[in-house]
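In this note's numbering, the protein residues as written are 894 to 1213.
What follows is a short report on a single structure.
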Ligand code: CP3
């Protein structure tokens, strides 16, 4: 899960003196950081170390990731003329991704590697706001105020995202995850009208590869059905909706991912186990389940709590 590495001392050590986005462009560092949680926790899959803004940086946008803040864009995208700065992504723009995934699949042996990208809405929010936003007011102003410009913006982002996922799959990623982290800010009808076409375009663009496609969001209880319809094989669920209920909303033809509250890891071990068991029990209704946290690992999480959780999930599911 996102930023899993941040809680690890070995992550902080290799990152020392290297900026986040610079690290993402160094195949040796990407390989080491991607492997760290697999080595330490024995998880069943690795998540590629990168960030959702990497493809935007790769097409030349002036942006940075500020520690403790998140992605910050020097010149936000708000007008039709600004769209010209969103040129298509070519595989050569991210040759370091191809190189890193080549190295990783060798090192990982049989452990699957999950590639990922940011979904058009969540990327648009950073680009329009210029940085992280609580209420997404400028983003929504554009979406409601100039639907055609909004649609064109999301369409360009869909093409960039699709190209970025294709690079990862062709290099050897065994599954891909589309992160629409902030789309829970929208009502279902707005999602259907203004966001779903672009996200569906991304899923369609990679459908022919046959790799599992995961669709992730936070606070998306009311959107789960539509997020499945957009083309996912697996729908991510946060801790606000029990998985049994999520299956009713998503339909019996899709697997679920989730959904332990990352804050639970700060509770005593017995409580963590009880909550993890609840997740596993609730998931029995789903046709498939990827056990995960409902959102990213919080930076102050004790690494051993994660290792114990992985062990507990393995023991519990193997006994069934
Ligand atoms: O666990 C991993 O390292 C996987 C790689 C990964 C990162 N970002 C690395 C990262 C993944 C999958 C992401 C996705 C991402 N990035 C999302 C979508 C998923 C989600 O969690 O909702 C979003 C919204 C972002 C944007 C972003 N980048 C944020 C909000 C932050 C945190 C800013 C902060 O310091 O609080 C980042 C930075 C970032 N991306 C870090 C890592 C390891 C932290 C960098 C550091 O300080 O070491």
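Note that beta-carbon positions come from the ideal geometry of N, C-alpha and C, so glycine has one too.
None of the values given here were measured: they were computed from a predicted structure.
6 Å Cβ shell around residue i - same chain, five flanking residues per side excluded
{"i": "residue 935", "result": "1203"}
{"i": "residue 1015", "result": "1073, 1074 and 1075"}
{"i": "residue 1134", "result": "1114"}
{"i": "residue 1094", "result": "1051"}
{"i": "residue 1196", "result": "900 and 901"}
{"i": "residue 940", "result": "1007"}
{"i": "residue 1098", "result": "1055"}
{"i": "residue 1147", "result": "1121 and 1128"}
{"i": "residue 1112", "result": "1077"}
{"i": "residue 1198", "result": "1158"}
{"i": "residue 1166", "result": "1205"}
Segment limits, beta strand (DSSP E) that includes residue i
{"i": "residue 1068", "result": "1068–1073"}
{"i": "residue 1125", "result": "Counting along the chain, residue 1125 falls outside any beta strand (DSSP E), and DSSP gives it neither H nor E."}
{"i": "residue 959", "result": "956–959"}
{"i": "residue 1184", "result": "1182–1186"}
{"i": "residue 1107", "result": "1106–1110"}
{"i": "residue 1149", "result": "1148–1153"}
{"i": "residue 946", "result": "That residue, residue 946, is in no beta strand (DSSP E); it is neither H nor E in DSSP."}
{"i": "residue 965", "result": "963–966"}
Cβ pair residue i, residue j closer than 9 Å
{"i": "residue 1172", "j": "residue 1119", "result": "no"}
{"i": "residue 938", "j": "residue 1025", "result": "no"}
{"i": "residue 1090", "j": "residue 1054", "result": "no"}
{"i": "residue 923", "j": "residue 1008", "result": "no"}
{"i": "residue 1153", "j": "residue 1186", "result": "yes"}
{"i": "residue 1205", "j": "residue 1151", "result": "no"}
{"i": "residue 1088", "j": "residue 1035", "result": "no"}
{"i": "residue 1190", "j": "residue 1155", "result": "yes"}
{"i": "residue 1131", "j": "residue 1103", "result": "no"}
{"i": "residue 1236", "j": "residue 948", "result": "Residue coverage of the chain in this structure runs from 894 to 1213, which leaves residue 1236 outside it and unanswerable."}
{"i": "residue 929", "j": "residue 898", "result": "yes"}
{"i": "residue 957", "j": "residue 912", "result": "yes"}
{"i": "residue 954", "j": "residue 979", "result": "yes"}
{"i": "residue 1149", "j": "residue 1182", "result": "yes"}
{"i": "residue 995", "j": "residue 1064", "result": "yes"}
{"i": "residue 950", "j": "residue 1001", "result": "no"}
{"i": "residue 971", "j": "residue 1027", "result": "no"}
{"i": "residue 973", "j": "residue 1042", "result": "yes"}
Proximity test, residue i beta-carbon vs the ligand ZN heavy atom, cut-off 8 Å
{"i": "residue 1111", "result": "The ligand ZN is not among the ligands present in this structure, which contains only the ligand CP3."}
Extent of the continuous alpha helix (DSSP H) run through residue i
{"i": "residue 1031", "result": "1030–1038"}
{"i": "residue 1143", "result": "1136–1143"}
{"i": "residue 1085", "result": "1081–1087"}
{"i": "residue 1013", "result": "1013–1022"}
{"i": "residue 1199", "result": "1196–1211"}
{"i": "residue 1165", "result": "1162–1175"}
{"i": "residue 1192", "result": "Careful: residue 1192 lies outside any alpha helix (DSSP H) and carries neither H nor E."}
{"i": "residue 1115", "result": "Per DSSP, residue 1115 belongs to no alpha helix (DSSP H) and is neither H nor E."}
{"i": "residue 969", "result": "Careful: residue 969 lies outside any alpha helix (DSSP H) and carries neither H nor E."}
{"i": "residue 926", "result": "920–934"}
{"i": "residue 902", "result": "902–908"}
{"i": "residue 995", "result": "988–1001"}
{"i": "residue 914", "result": "913–917"}
Cβ neighbours of residue i in the same chain (closer than 7 Å, five flanking residues each side left out)
{"i": "residue 1078", "result": "1029"}
{"i": "residue 975", "result": "none"}
{"i": "residue 1086", "result": "none"}
{"i": "residue 959", "result": "965"}
{"i": "residue 908", "result": "916"}
{"i": "residue 982", "result": "948, 951, 952, 1053, 1056 and 1057"}
{"i": "residue 1169", "result": "1153, 1202, 1205 and 1206"}
{"i": "residue 918", "result": "989"}
{"i": "residue 1105", "result": "1068, 1126 and 1127"}
{"i": "residue 904", "result": "898, 926 and 929"}
{"i": "residue 1081", "result": "1115, 1116 and 1119"}
{"i": "residue 1045", "result": "976"}
C-beta neighbour in chain B for residue i, strict 9 Å
{"i": "residue 913", "result": "Annotation note: the requested chain B is absent from the structure, which comprises a single protein chain."}
Cβ neighbours of residue i in the same chain (closer than 8 Å, five flanking residues each side left out)
{"i": "residue 1194", "result": "900, 1155, 1158 and 1159"}
{"i": "residue 1144", "result": "1118 and 1121"}
Inter-stretch contact (C-beta, 8 Å, three-pair minimum) for the segment 1056–1064 and the segment 981–993
yes
Does the pairing of the segment 1123–1141 with the segment 1168–1185 give three or more beta-carbon distances under 8 Å?
yes
At least 3 beta-carbon pairs within less than 8 Å: the segment 1019–1033 vs the segment 955–973
yes
Report yes or no: do three or more beta-carbon pairs, one from the segment 1043–1053 and one from the segment 908–925, lie closer than 8 Å?
no
Pairing CB atoms from the segment 1120–1128 with CB atoms from the segment 1158–1170, are three or more of them under 8 Å?
no
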